[in-house]
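Beneath this line is the structure, given in structure tokens, with notes to follow.
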Amino acid sequence: MKTWLISIAILASAVGGAFVMVQTRAAPTQMEREIPVLLVDAIEARREPVFFRVNTQGAVTPRTESNLVSEVSGQIVEVASNYVSGGFFRKGELLLRIDPRNYQSALKSAQANVARVQTQVAKENALANFALDDWKTLRDLNASTGPISDLALRKPQLAEAIAESISAEAALEKAQEDLNRTSIRAPYDGMVQEKRADVGQYVNTGSQLALIFATDYAEIRLPITQRELALVDLPSADGSSLPLPVTLTSQAGKIQHTWQGLIVRSEGVFDSASRVLYVVAQVEDPYNQSGRNGELLRIGTFVTASIQGRFGGALFTIPRHALQRGETLWIIDEQQKIYPRDVQIVSTDEEYAYVDVGLTNGDRYTITPIDQPLPGMPV
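Going by the numbering used here, the first residue of the sequence shown is number 5, and it counts up by one from there.
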């Protein structure tokens, strides 16, 4: 009994001590939670005059390209040193020659035939004059009072001789042209793109000799969309509007090359498959034959084009990556806190959006992408 009472006393003492400790312990210190401050880049909004630009791409092609073909048949006996792929030539230069001997013989034969028929015409003229004189003599002697016939005046024979003369002269002209065509000359200043015949080869009329192109201008077909069309004033077909300046660039490794050109025309219809309109840019003297243009713009080069468009007025130029959902900016207020604001976009390009409504001069906005931003977040 005594042991049981001692156990109860010890238990009561332990419970009482625990109660006292709970009642007398110090309250925990309350730690204020600090909201993290985001580090962002900001830009101050300013209205500035904006000229819209349309960016597009295309490949460089020659303005004039020709298949050089033979107009006569024969064996090629001579080629020029610049009659090679990549060779430059000037208008009128000899590129190759076909064996002219048969055509020289044909020319001499045609010349002889012309001389023969001209003699025949002169002979028939003389005989006709003699017949007329005889008729006049008989008329004066009253031996003949009727009109003289065309046959008596040898008019049919004279007409036949004149016809043969015309035919002979035409044959002479053709023989001369055929002889001239044995010398194939450049039709313009240009370059040989592909050589398709060489010395010793026999060619027929119509055989392809080379693919050539003119080097006076290069052209680039550039696609633009219907939305982009509203940003530019294309040259009109009647020439009432000026060509549009265009800047062309091409990247070769770490080096960027630049050329200046003009949009000179559009193709007039939207492509039914891609729904784009092709405009044509021209660059003068792409191979720098004049020595004034610097970097060569080779045919086949793929270029990026920036076309100067219309004046858009005073607008805010916003980096596109600063926008969320396409039209929302996060504005930084005077307390360095961010708040969303919708803006009205007039136009966009690959890098920028152009805003008219929703900003005022001096507004600051963040251009740093923020993961799950909330209104009032400090930055």
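Each residue gets a CB set at the ideal place from its N, CA and C atoms; glycine is no exception.
Model, not experiment: these values are computed from the prediction.
> Is Y107 near T209, with beta carbons less than 7 Å apart?
Replying inline: Within the sequence shown, numbered from 1, the residue matching residue 107 stands at position 103. Within the sequence shown, numbered from 1, the residue matching residue 209 stands at position 205. In this structure, Y107 keeps its C-beta atom at 7 Å or more from the C-beta atom of T209.
> So, is Y369 buried or exposed, given that buried needs 16 or more other C-beta atoms within 10 angstroms?
Replying inline: On the sequence shown, residue 369 is found 365 positions in, with the first residue counted as 1. Looking at its Cβ environment, which holds 16 or more other Cβ atoms inside 10 Å, Y369 is buried.
> Helix, strand or coil for E232 per DSSP?
Replying inline: Here the question's residue 232 lines up with position 228 in the sequence shown. DSSP places E232 in the helix class (H, G or I) of the three-state scheme.
> Based on the DSSP output, what are the partners of G317 in its beta bridges?
Replying inline: Here the question's residue 317 lines up with position 313 in the sequence shown. Per DSSP, V54.
> How is N59 classed by DSSP in three states: helix, strand or coil?
Replying inline: Against the sequence shown, residue 59 aligns to sequence position 55. The DSSP-derived three-state label of N59 is strand.
>> For the structure I just gave you, are there three or more beta carbon pairs, one from the stretch 45-64 and one from the stretch 301-312, closer than 8 Å?
In response: Contact between the stretch 45-64 and the stretch 301-312 is present, because at least three Cβ pairs lie under 8 Å.
> Does DSSP put N292 in a helix, in a strand, or in coil?
Replying inline: Looking up residue 292 in the sequence shown gives position 288. Three-state result, N292: coil.
>> If you follow the alpha helix (DSSP H) that L176 is in, where does it begin and where does it stop?
In response: Position 172 of the sequence shown, counting from 1, holds the residue named residue 176. Looking at the DSSP string, the run of the alpha helix (DSSP H) that includes L176 is 159-185.
> A214 by DSSP, collapsed to three states: which one?
Replying inline: Walking along the sequence shown from the start, residue 214 turns up at place 210. Strand.
> Could you give the distance in angstroms between the alpha-carbon of D202 and the alpha-carbon of A84?
Replying inline: Working through the sequence shown from its first residue, we reach residue 202 at position 198. Working through the sequence shown from its first residue, we reach residue 84 at position 80. Taking the CA atoms as reference points, D202 sits about 10 Å from A84.
> Run through DSSP, which three-state label would V383 get?
Replying inline: Start at 1 with the first residue of the sequence shown, and residue 383 comes out as number 379. Note: V383 maps to coil in three-state DSSP.
>> For V76 and D182, which I take to be in contact (beta-carbon distance under 8 Å), what is that distance rounded to the nearest angstrom?
In response: Here residue 76 corresponds to residue number 72 of the sequence shown, with the count starting at 1. Here residue 182 corresponds to residue number 178 of the sequence shown, with the count starting at 1. Contact annotation, V76 with D182: C-beta distance approximately 5 Å; criterion of less than 8 Å satisfied.
>> Quick test of your reading: Q161 and E198, contact by CB under 8 Å. State the CB separation rounded to the nearest angstrom.
In response: As a first step, residue 161 is located in the sequence shown; it is residue number 157 there, counting from the start. As a first step, residue 198 is located in the sequence shown; it is residue number 194 there, counting from the start. In fact, because the Cβ distance is near 57 Å, the residues do not count as touching under 8 Å.
> E223: buried (16+ other C-beta within 10 angstroms of its C-beta) or exposed?
Replying inline: Counting from one through the sequence shown, the residue named residue 223 turns up at place 219. Buried.
> Using DSSP with H/G/I as helix, E/B as strand and the rest coil, what is N71?
Replying inline: Counted from its first residue, the sequence shown places residue 71 at position 67. Strand, per DSSP.
>> Here's a check: name, in chain order, each residue in its chain whose Cβ is nearer than 7 Å to the Cβ of A175, leaving out the five neighbours to either side.
In response: On the sequence shown, residue 175 is found 171 positions in, with the first residue counted as 1. Around A175: A114, N117.
> Based on the DSSP secondary-structure assignment, which residues constitute the bridge partners of G78?
Replying inline: What you label residue 78 is simply residue 74 of the sequence shown in a count that begins at 1. Answer is V207, bridged to G78.
> Near Y356, which residues of its chain fall below 7 Å by C-beta distance, leaving aside the five closest residues on each side in sequence?
Replying inline: Taking the first residue of the sequence shown as position 1, residue 356 is located at position 352. Excluding sequence neighbours, Y356 sits near T321, I322, P323, R324.
>> Can you confirm whether the stretch 365-382 touches the stretch 43-51 when touching is taken to mean that 3 or more C-beta pairs between the two stretches lie within less than 8 Å?
In response: Touching, per the Cβ criterion.
>> Can you find the residues in the same chain that come closer than 6 Å, C-beta to C-beta, to A119, ignoring five residues on each side of it along the sequence?
In response: Taking the first residue of the sequence shown as position 1, residue 119 is located at position 115. Taking C-beta separations shorter than 6 Å and ignoring five residues to either side along the sequence, A119 has no partners in its chain.
> Taking the C-alpha atoms as reference points, what is the distance between E288 and F217?
Replying inline: In the sequence shown, residue 288 corresponds to position 284, counting from 1. In the sequence shown, residue 217 corresponds to position 213, counting from 1. When rounded, the distance between both Cα atoms is 14 Å.
>> Tell me the residue span of the beta strand (DSSP E) that contains K341.
In response: The sequence position of residue 341 within the sequence shown is 337, counting from 1. No beta strand (DSSP E) contains K341, which DSSP labels as neither H nor E.
> Within 10 angstroms of its Cβ, does E299 collect 16 or more other Cβ (buried), or is it exposed?
Replying inline: As a first step, residue 299 is located in the sequence shown; it is residue number 295 there, counting from the start. The residue in question, E299, is exposed, as its Cβ has fewer than 16 Cβ neighbours within 10 Å.
> By Cβ distance, which residues of its chain are closer than 6 Å to K341, with the 5 residues on each side in sequence left out?
Replying inline: Taking the sequence shown and counting its residues from 1, the one referred to as residue 341 is at position 337. So the list reads G380, P382, once near-sequence residues are dropped.
> Nearest to P53 by CA position, among V359, D367, L327, V64, is which residue?
Replying inline: Taking the first residue of the sequence shown as 1, we reach residue 53 at position 49. Residue nearest to P53 within the set V359, D367, L327, V64 is V359 (criterion: CA-CA distance).
> If you count every other CB in all the chains shown that lies within 10 Å of the CB of P104, and 16 or more means buried, which is it?
Replying inline: Reading the sequence shown from its first residue, position 100 is the one you call residue 104. Under this definition P104 is a buried residue.
> In the DSSP assignment, what are the bridge partners of H384?
Replying inline: The structure shown does not extend to residue 384, since the chain is modelled only from 5 through 383, so no value can be given for it.
>> Assuming the contact rule is C-beta atoms closer than 8 Å, V280 and P247 should be a hit. Round their C-beta distance to whole Å, please.
In response: For this step, residue 280 is matched to residue 276 along the sequence shown. For this step, residue 247 is matched to residue 243 along the sequence shown. Between P247 and V280 the Cβ distance is about 20 Å, and since that is not below 8 Å, they are no contact.
> What are the boundary residues of the beta strand (DSSP E) that I102 is part of?
Replying inline: The sequence position of residue 102 within the sequence shown is 98, counting from 1. Unbroken beta strand (DSSP E) run through I102: 98-102.
> With which residues is V361 paired in a DSSP beta bridge?
Replying inline: In the sequence shown, the residue the question calls residue 361 occupies position 357. For V361, which the question treats as bridged, DSSP gives the partners Q348.
> What are the boundary residues of the beta strand (DSSP E) that R368 is part of?
Replying inline: Reading the sequence shown from its first residue, position 364 is the one you call residue 368. In the DSSP annotation of this structure, the continuous segment of the beta strand (DSSP E) that includes R368 starts and ends at 368-370.
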